[in-house]
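Enquirer: Mapped onto UniProt numbering, the consecutive letters of the sequence shown carry residue numbers 1 to 753. Beta carbons are placed, not taken as given, at the ideal position from N, Cα and C, and that holds for glycine.
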Amino acid sequence: MNPKLPYVLLVGAAVIIFILSCMLLSRGGRSPTCESQPNVVEKTGSMSQSLVFADLTPEEMSQVVRYLQGHLGVPLVDASRAKPSDNCIASVDLQVPAKAEVLRFLDAGGARPPREALAVLYFGNQAEPNITEYVVGPLPTPAYHRDVTVQRYGGKVPYHRRPMLAVEYKQLGGFLEKKAFAAAPTFMQKVLEYDGTNVAFQTTVPHGFQSGDRVTWFVLFQNVSGFFVHPVGLEVLVDHSSLDISQWAVSRVFYNGQYYRDMAQLESAYTQGRISVEKVRKAPWDGDFSSMKPRAPPAALFPVQFEPQGPRYSVRNNHVLFQAWSFAFGMSASTGLRLFDIRHKGERVAYELSVQEALSVYGSNCPGGMSTRYMDGSFGLGRYTSPLVPGVDCPYLATYVDTHSLSDSLRPKKRKASLCIFEQNLGSPLRRHYSNLQSLYYGGLVNSALVIRSIATVGNYDYVWDFIFYQNGAIEGKVQATGYPSSSFLHGDGLRYGNRLWEHTLGTIHTHFVNYKVDLDVGGVKNSLVAHDMAFEMTRAPWSPEQQIERPRLTKKVLDTEDQAAFRLQSKIPRYIYFAANSKNKWGHQRGYRIQITSFAGDHIPEASSMERAISWARYQLAVTRRKEEEPTSTSIYNQNDPWTPTVTFADFINNETIANEDLVAWITAGFLHIPHSEDIPNTVTVGNSVGFLLRPYNYYDLDPSIYTHDGVFFTSEQDFTACEINPLACLPKTASCLPNFPPFTYDGFRNM
């Protein structure tokens, strides 16, 4: 035997022991990567059927454009470079099929409805310029088009009602720079230090005071980050009603509290020393006080949510499955996020949930501010849906979905990661009870909900749109407002209309109103509207007749007509108001879904206003009407530019028709009053600026359906609650000790601007 062999074996064994020890130590110091488990979802509905609601694909949009170019017999200019006197395709979006056709397809084995697009065209190069809407189909290979304008609106849509294209803003910017500002060179240079690049402007709407007007105030700001709160005191009224750009003209000028006929008069007054000049300090490019750059260095990382066994929901095309929930989703170019065929435990509870409009009415002592009534659907809540930042706009590991739209161009635009879906542990119990009387036990349920979200950035405001699905069968629709407040130049009695936010910045008072369409189908298409509430009654105590008791009792009322079901904005509304089915639960109650509104709305514009009928949906916090295909939306994109003769008037939907045992729609309005204050600098936070509604089961089930979810926790004093088989929370050190796989951070928000 070699005398060195024992030493060699000993050294080898030591090396092996050292390697194994290092491996064990490294494993103990770093948890394994999380592994996805099969999705725990109830298979309800058909993913292929949900495609009946799917947004148009880029290929389908392009097919529609090519078809229209070849079959209308008129030249079509690319909307990205069209003059007002040209013909162009303004937008192409999905034409949602009629509900009856869809239900025959989904529920009765009927034929799939033809897939069609709705194309909006501006015909400026005609003897009678107009807006025309065509339904084009069938997709993906179009073979027909139908003019549906008269059918939808009762007549032709005048050309002056057209929403402004991006190119018209560009043309107006050129007009201001080359003609308007050029008429006052000394003022612009000496007072604003204008160099052709350092001024930004914000448009106001509506355009004038009567039908046919297209006259717009443009408010000027320093062109810096967060320019919305950097007014310079100059506002210019431009008449751009002519289809000939060369005929556009300045109608009025406002500077620091004074009005002038035009820029030439302003220039003359300045050079003659007849103007009170308020010189604004030049802001750095980052905006200084309006910069959103953090003022503190990075520190400990904020909490991050992850799914230790992978997502418990699935997303296939436009179809989502989550536990007992299923629904289809889409993105309308004008109204934004919308859901269809929402089912719980396999049964449809709502056919459609969609945003309809977002309205803001401003006050100010400057002309631009005092005349502003933004109807953001006209600009496009879907069109301006912005790419989402993982970890801030949505949880980092959310599922991100790209959306596409075609507007202002002949080519579809892709908005990468502009919609997100995620399950969120809300950090509080959905329900719980700790029993320390008689039997000793704890029972609780994690409040984990599914969220689908998009964020629309329309000018200065960012709207965070959520639909949230809870395990007890409730649905929440919610919007949170953030972004920058709009502002006016502070002068004179400005503080009657808001608060001072900076040296020359007046944060102007304004209202926010948001309207939703809620097409509930509770236990079937036909429903009735029922109100439950309370009243106190006085009675004698049966065991002591000389004593009086005040006891609350239940009040019940069936609301039979649309007039009874229209609740004005500030009026009292029954605390329990619900859609009732024609079926009953185990306990003999009509199955129902309750509508619960969260709102802090300001006052609606007076009904005597010449433009009120265009926004008459905002009269009502809740209005329930019979569902009609000819009343698909509460407003129109054309109402913004001609509110004096509205294309769609919601108030006309309410005509005292019976709503008992009918297919019904609830139109819900929520809102809040915003008086900007110093904490709105650098910009507005979402906290406290959240409104919306809840749809809650009301005797719809025999008991709370969340008792059947997998997230419940229950143990007694006599059980070993440290054992996994008794208490799933005891398993967390094992089941949730993995490390999530965070993909590299990416963001696509600055491409193709």
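Look at V52 and V92 and say whether their C-beta atoms are less than 7 Å apart.
Expert: Indexing the sequence shown from 1 puts residue 52 at position 52. Indexing the sequence shown from 1 puts residue 92 at position 92. Going by C-beta atoms, V52 is not nearer than 7 Å to V92.
Enquirer: Consult DSSP for R748 and reduce its assignment to one of helix, strand or coil.
Expert: Looking up residue 748 in the sequence shown gives position 748. The amino acid at residue 748 is misidentified as Arg; the sequence shows Asp. Of the three classes helix, strand and coil, the one that applies to D748 here is coil, per DSSP.
Enquirer: Here's a check: name, in chain order, each residue in its chain whose Cβ is nearer than 7 Å to the Cβ of P206, leaving out the five neighbours to either side.
Expert: As a position in the sequence shown, residue 206 is number 206, starting the count at 1. Counting only Cβ-Cβ distances below 7 Å, and skipping sequence neighbours, we find R373, M611, Q640, N641 and P643.
Enquirer: Just verifying my parser: in three-state terms, what is the DSSP assignment at P733?
Expert: By 1-based counting over the sequence shown, the position of residue 733 is 733. In the structure shown, P733 sits in a helix (DSSP, three-state: H, G or I).
Enquirer: Cα-Cα, which of L495, S454 and V389 is closest to E503?
Expert: Against the sequence shown, residue 503 aligns to sequence position 503. For the residues L495, S454 and V389, the minimum Cα distance to E503 belongs to L495.
Enquirer: Check whether the Cβ atoms of G592 and A580 sit closer than 7 Å, and answer yes or no.
Expert: Along the sequence shown, read from residue 1 onward, the residue named residue 592 stands at position 592. Along the sequence shown, read from residue 1 onward, the residue named residue 580 stands at position 580. Yes, these two residues count as a Cβ contact at 7 Å.
Enquirer: By the three-class DSSP mapping on this structure, what secondary structure does residue 777 have?
Expert: The shown model of the chain, from 1 to 753, leaves out residue 777, and the question about it has no answer.
Enquirer: Does DSSP classify P740 as helix, strand or coil?
Expert: For this step, residue 740 is matched to residue 740 along the sequence shown. Looking at P740 - three-state DSSP - the assignment turns out to be coil, as it is neither helix nor strand.
Enquirer: Mapping the DSSP letters down to three states, classify L353 as helix, strand or coil.
Expert: As a working note, residue 353 is residue 353 in the sequence shown. Here L353 sits in strand by DSSP.
Enquirer: For the alpha helix (DSSP H) holding P367, just list the boundary residues, first then last.
Expert: Locating residue 367 in the sequence shown gives position 367, counting from the first residue. Note, P367: alpha helix (DSSP H), P367 to M370.
Enquirer: Only counting runs of 3 or more residues, tell me where the beta strand (DSSP E) segments fall wholly within the stretch 303 to 365, in order along the chain.
Expert: Correct list: 313 to 316, 319 to 322, 325 to 332, 336 to 344 and 347 to 362.
Enquirer: Give a single yes or no on whether V624 has its beta carbon closer than 6 Å to a heavy atom of the ligand FAD.
Expert: Among the components modelled here there is no ligand, and therefore nothing to report on the ligand FAD.
Enquirer: Run through the DSSP bridge pairs and tell me what E550 is partnered with.
Expert: Walking along the sequence shown from the start, residue 550 turns up at place 550. Paired residues: M538.
Enquirer: Check the DSSP bridge columns for V713 and list the partner residues they point to.
Expert: The count along the sequence shown starts at 1 and reaches residue 713 at position 713. G444.
Enquirer: Ignore the nearest five residues each way along the sequence and tell me which others in A183's own chain have a CB closer than 6 Å to its CB.
Expert: Working through the sequence shown from its first residue, we reach residue 183 at position 183. The answer, listed in chain order, is M263 and A264.
Enquirer: Are there 16 or more other CB atoms within 10 angstroms of the CB of S454, so buried, or fewer, so exposed?
Expert: To locate residue 454, count along the sequence shown from 1; it is residue 454. Result: buried.
Enquirer: Since V191 is in the alpha helix (DSSP H), which residue starts that stretch and which ends it?
Expert: As a position in the sequence shown, residue 191 is number 191, starting the count at 1. V191 -> alpha helix (DSSP H) spans P185 to L192.
Enquirer: Suppose you measure from the CA of T511 to the CA of R104; what does that come to, to the nearest Å?
Expert: For the purposes of this step, residue 511 is taken as residue 511 along the sequence shown, with counting starting at 1. For the purposes of this step, residue 104 is taken as residue 104 along the sequence shown, with counting starting at 1. Near 42 Å, if we compare the C-alpha coordinates of R104 and T511.
Enquirer: Thinking C-alpha only, which one of P231, A249 and L321 is nearest E278?
Expert: Counting from 1 along the sequence shown, the entry for residue 278 is found at position 278. Here the closest residue by C-alpha is P231.
Enquirer: Helix, strand or coil: which one does DSSP assign to F228?
Expert: For this step, residue 228 is matched to residue 228 along the sequence shown. Looking at F228 - three-state DSSP - the assignment turns out to be helix.
Enquirer: Where does V167 sit, in a helix, a strand or coil, going by DSSP?
Expert: For this step, residue 167 is matched to residue 167 along the sequence shown. Of the three classes helix, strand and coil, the one that applies to V167 here is helix, per DSSP.
Enquirer: What separation, rounded to the nearest whole angstrom, lies between the Cα atoms of A601 and V355?
Expert: As a position in the sequence shown, residue 601 is number 601, starting the count at 1. As a position in the sequence shown, residue 355 is number 355, starting the count at 1. If I take the Cα positions, the gap works out to 17 Å.
Enquirer: Can you tell me the Cβ-Cβ gap for P461 and V479, rounded? I've got them flagged as a contact below 8 Å.
Expert: Position 461 of the sequence shown holds residue 461. Position 479 of the sequence shown holds residue 479. The amino acid at residue 461 is misidentified as Pro; the sequence shows Tyr. At roughly 11 Å, the Cβ-Cβ gap does not stay under 8 Å, so Y461 and V479 are not in contact.
Enquirer: Please state if the CB of Y516 and the CB of G483 are separated by a distance shorter than 7 Å.
Expert: The residue given as residue 483 occupies position 483 in the sequence shown. The residue given as residue 516 occupies position 516 in the sequence shown. For G483 and Y516, no; Cβs fall outside 7 Å.
Enquirer: Between the C-alpha atoms of F745 and P390, what's the straight-line distance to the nearest angstrom?
Expert: The count along the sequence shown starts at 1 and reaches residue 745 at position 745. The count along the sequence shown starts at 1 and reaches residue 390 at position 390. Using only the alpha carbons, I get a separation of about 7 Å.
Enquirer: Measure the C-alpha to C-alpha separation of Q171 and S246 and round it to an integer number of angstroms.
Expert: Here the question's residue 171 lines up with position 171 in the sequence shown. Here the question's residue 246 lines up with position 246 in the sequence shown. Their backbone Cα atoms lie some 11 Å apart in a straight line.
Enquirer: Which of the three DSSP states, helix, strand or coil, is assigned to E723?
Expert: Within the sequence shown, the letter at position 723 stands for residue 723. A small fix is needed here, since residue 723 is Ala in this sequence, not Glu. Here A723 sits in coil by DSSP.
Enquirer: Can you name the start and end residues of the beta strand (DSSP E) that G602 belongs to?
Expert: Walking along the sequence shown from the start, residue 602 turns up at place 602. Here G602 belongs to no beta strand (DSSP E), and DSSP marks it neither H nor E.
Enquirer: Could you check whether D563 and P661 sit closer than 7 Å to each other, using their CB atoms as the reference points?
Expert: Taking the sequence shown and counting its residues from 1, one reaches residue 661 at position 661. Taking the sequence shown and counting its residues from 1, one reaches residue 563 at position 563. Inspection of the sequence shows that residue 661 is occupied by Asn rather than by Pro. Not a contact, by the Cβ cut-off of 7 Å.
Enquirer: How far does the beta strand (DSSP E) with W202 in it extend, from its first residue to its last?
Expert: Start at 1 with the first residue of the sequence shown, and residue 202 comes out as number 202. Looking at the sequence itself, residue 202 is Gln, so the reference to Trp does not match. Note, Q202: beta strand (DSSP E), V199 to T203.
Enquirer: Measuring alpha carbon to alpha carbon, tell me which residue in S488, G124, F329 and V691 is nearest T669.
Expert: In the sequence shown, the residue the question calls residue 669 occupies position 669. Among S488, G124, F329 and V691, the Cα nearest to that of T669 is on V691.
Enquirer: Given a threshold of 16 other Cβ atoms within 10 Å of its Cβ, counted over all protein chains shown, does T505 qualify as buried or as exposed?
Expert: Along the sequence shown, read from residue 1 onward, the residue named residue 505 stands at position 505. Per the 10 Å Cβ criterion, buried.
Enquirer: Buried or exposed, going by whether 16 or more other CB atoms sit within 10 Å of the CB of Y259?
Expert: Your numbering for residue 259 matches position 259 in the sequence shown. Exposed is the call here.
Enquirer: Could you tell me whether the stretch 614 to 624 touches the stretch 664 to 680, where touching means 3 or more Cβ pairs closer than 8 Å?
Expert: With the cut-off at 8 Å, the stretch 614 to 624 and the stretch 664 to 680 touch.
Enquirer: Would DSSP call W617 helix, strand or coil?
Expert: In the sequence shown, the residue the question calls residue 617 occupies position 617. Correct three-state label for W617: helix.
Enquirer: Using the beta-carbon count (16 or more within 10 Å), is F513 buried or exposed?
Expert: Within the sequence shown, the letter at position 513 stands for residue 513. Looking at its Cβ environment, which holds 16 or more other Cβ atoms inside 10 Å, F513 is buried.
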